[in-house]
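First up is the structure itself, then whatever we jot down about it.
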Amino acid sequence: MPTLQDVARLAGCSTATVSKVLSNTPYVAEDTRARVLEAVRQLNYRPNLAGRALSRGRTHIIGVVFPYVYDHIFRDPLVLAIVEGIENVLTDQGYSILLSTPRMTPEAADPMFEQLLRSGYVDGMIAIDSVPESNLAALADAYRVPLVVLGYHDTPYQVHCDDYAGGQLMMNYLLRLGHRKIGIIRIPEAKNIAVDERWRGICDALLAAGIDPATLPTAEGDYSTRSGAAAAAHLLERHPQLTAIASLNDRMAIGALQKLHELGRTVPDDISVIGYDNLTLSEMTSPPLTTVSQHASTLGERSAQMLLQVLHNEQPSIAVIAPTLRERASCAPLRAVDFAASRQS
Numbered sequence: 004m005p006t007l008q009d010v011a012r013l014a015g016c017s018t019a020t021v022s023k024v025l026s027n028t029p030y031v032a033e034d035t036r037a038r039v040l041e042a043v044r045q046l047n048y049r050p051n052l053a054g055r056a057l058s059r060g061r062t063h064i065i066g067v068v069f070p071y072v073y074d075h076i077f078r079d080p081l082v083l084a085i086v087e088g089i090e091n092v093l094t095d096q097g098y099s100i101l102l103s104t105p106r107m108t109p110e111a112a113d114p115m116f117e118q119l120l121r122s123g124y125v126d127g128m129i130a131i132d133s134v135p136e137s138n139l140a141a142l143a144d145a146y147r148v149p150l151v152v153l154g155y156h157d158t159p160y161q162v163h164c165d166d167y168a169g170g171q172l173m174m175n176y177l178l179r180l181g182h183r184k185i186g187i188i189r190i191p192e193a194k195n196i197a198v199d200e201r202w203r204g205i206c207d208a209l210l211a212a213g214i215d216p217a218t219l220p221t222a223e224g225d226y227s228t229r230s231g232a233a234a235a236a237h238l239l240e241r242h243p244q245l246t247a248i249a250s251l252n253d254r255m256a257i258g259a260l261q262k263l264h265e266l267g268r269t270v271p272d273d274i275s276v277i278g279y280d281n282l283t284l285s286e287m288t289s290p291p292l293t294t295v296s297q298h299a300s301t302l303g304e305r306s307a308q309m310l311l312q313v314l315h316n317e318q319p320s321i322a323v324i325a326p327t328l329r330e331r332a333s334c335a336p337l338r339a340v341d342f343a344a345s346r347q348s
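See the structure below:
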């Protein structure tokens, strides 16, 4: 098994310099850093993280894990707000966070991630995970690493927004405004339990109002602004009479706003738009976006607080955060003439 000295010899530097590179310490020359990392790769060197952890007792490092990785995940405002909430709580208690994006499948775990669990380098983990096929919880249990899941999962310690109530909230709001010709921008089922719960809430709100959800036109997006614009164009091309669009996240709703502007449709005079997430960006759109807030920063804070409770041998209960409606300027009551027409159609 290669040693630290072997890496130093191959890289042509001291063992102290190798340690600095492996610890991601700044002020190491870039060419030196590159030589060390190449030596690590060639030798397949693995640091003895367990030894470091044991030498210091508890590491005061918490892993923040994203088993479901998509493009630009760390530029997603929702993710950034969650991580900020986690970090605010943990740094106040003397902890650092380590971000990890392992590739998880039901059949296999990311080898490097499994090594991290085995090493004892992290005191606990927070997983931002509403993906049903992830085997993260089983791995954490196998290696006795305390785990809190921010999302829906079959684990004892979890924090999530009541997305079912959020779906009802957004649809009931449009119905109260008189809208019946509503297009919905969805995300494919089984990709994310939280989004599925929003859809279930929307459907039940419609059923309670005597409307068959199957009669409402839908278009699929992939969370992105671009897909929201494409979905809005698709909906209006086939259903130009729509008076409202409900999007299952803010980024797609923002894309819909942009497309409606391109098409010459005035929001909210011609058509209303509602999103879900309450991203900071939703306050800056034109017009500002009405949305459902799932309180992302609070979700992060509560998950960190729960993990600290577990680390202190407490037994916290599952935490469910209630969503709230953020009324801005992208929705308006249906005009009386339009309302009468919608009731007749």
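The sequence shown lines up with residues 4 to 348 when you count with this note's numbering.
Don't be surprised by glycine CBs; every beta carbon is placed ideally from N, CA and C.
query                                                                                                                                                            : result
Kindly indicate if chain D contains any beta-carbon less than 8 Å away from that of V82.                                                                         : The question asks about chain D, but that chain is absent: this structure has only one protein chain.
Roughly how many angstroms separate the alpha carbons of I131 and R78, rounded to a whole number?                                                                : 15 Å
From the DSSP output, in three-state form, read off S99 for me.                                                                                                  : strand
With DSSP as the reference, please indicate the residues paired to E223 in a beta bridge.                                                                        : R189
What three-state label does DSSP hand T104 in the structure shown?                                                                                               : coil
Just to confirm, is the Cβ distance from M174 to I205 under 8 Å?                                                                                                 : yes
Along the beta strand (DSSP E) that carries C164, what are the first and last residues, could you check?                                                         : 161 to 164
Let's test the definition: count the other Cβ atoms within 10 Å of the Cβ of P326 and tell me whether it reaches 16, buried, or not, exposed.                    : buried
From what residue to what residue does the alpha helix (DSSP H) around V152 run?                                                                                 : Element bounds for V152: not the alpha helix (DSSP H) but the beta strand (DSSP E), 150 to 153.
Tell me whether L210 sits in a helix, a strand or coil according to DSSP, three-state version.                                                                   : helix
Cβ atoms of L40 and D9: under 8 Å apart, would you say?                                                                                                          : no
State the start and end residues of the unbroken alpha helix (DSSP H) segment that holds R121.                                                                   : 114 to 122
In chain order, what residues of the same chain have a beta carbon less than 6 Å from the beta carbon of L13, not counting five sequence neighbours either side? : A42
If you measure between the beta carbons of V68 and V86, is that distance less than 8 Å?                                                                          : no
When DSSP labels each residue in this structure, what does D280 get in the three-state scheme?                                                                   : strand
What's the gap between the Cα of A322 and the Cα of H163?                                                                                                        : 7 Å
Counting only the same chain and skipping the five closest in sequence on each side, list residues whose C-beta sits under 8 Å from that of H242.                : K184, G186, P220
Please state if the CB of D253 and the CB of S300 are separated by a distance shorter than 8 Å.                                                                  : no
Please name the residue, chosen from E240, D199, G213, I190, that lies closest to S227 on a Cα-to-Cα basis.                                                      : I190
Using only the alpha-carbon positions, how far apart do R36 and V24 sit?                                                                                         : 6 Å
Within the continuous alpha helix (DSSP H) that includes A143, where are the two ends?                                                                           : 139 to 145
What is the C-beta distance between D280 and T294, in whole angstroms, given that I count them as a contact (C-beta under 8 Å)?                                  : 6 Å
Does DSSP put L328 in a helix, in a strand, or in coil?                                                                                                          : strand
Exposed or buried, which one is T283 when buried takes at least 16 other CB atoms within 10 Å?                                                                   : exposed
Could you check whether L238 and A335 sit closer than 8 Å to each other, using their CB atoms as the reference points?                                           : no
For H1, count the other beta carbons within 10 Å of its own beta carbon; 16 or more makes it buried, fewer makes it exposed. Which is it?                        : Any property of residue 1 remains undetermined from this structure, which presents the chain solely from 4 to 348.
So the candidates are A234, L314, P149, R305; which of them puts its Cα closest to the Cα of V276?                                                               : A234
Does the beta-carbon distance from L292 to R331 come in below 8 Å?                                                                                               : yes
Once the 5 residues before and after R338 are set aside, which same chain residues still bring their CB inside 8 Å of it?                                        : none
Rounded to whole angstroms, how far is the Cβ of A307 from the Cβ of L93, which I believe are closer than 8 Å?                                                   : 5 Å
Does DSSP put R338 in a helix, a strand or coil?                                                                                                                 : coil
Looking only at its own chain, which residues have a Cβ that is under 8 Å from the Cβ of L245, when we skip the five neighbours before and after it?             : K184, I185, G186, P220, L238, L239, I274
Going straight from the alpha carbon of R59 to that of E90, what length do you get?                                                                              : Below a pLDDT of 50, predicted positions are generally treated as unreliable, and R59, at 49, falls in that range; the measurement from the model is reported next regardless. So the alpha carbons of these two residues sit roughly 22 Å apart.
So, at 7 Å on beta carbons, what are the nonlocal neighbours of L311 in its own chain, with the 5 sequence-adjacent residues on each side left out?              : Q96
Specify, as a first and last residue, the run of the beta strand (DSSP E) that T293 falls within.                                                                : 293 to 296
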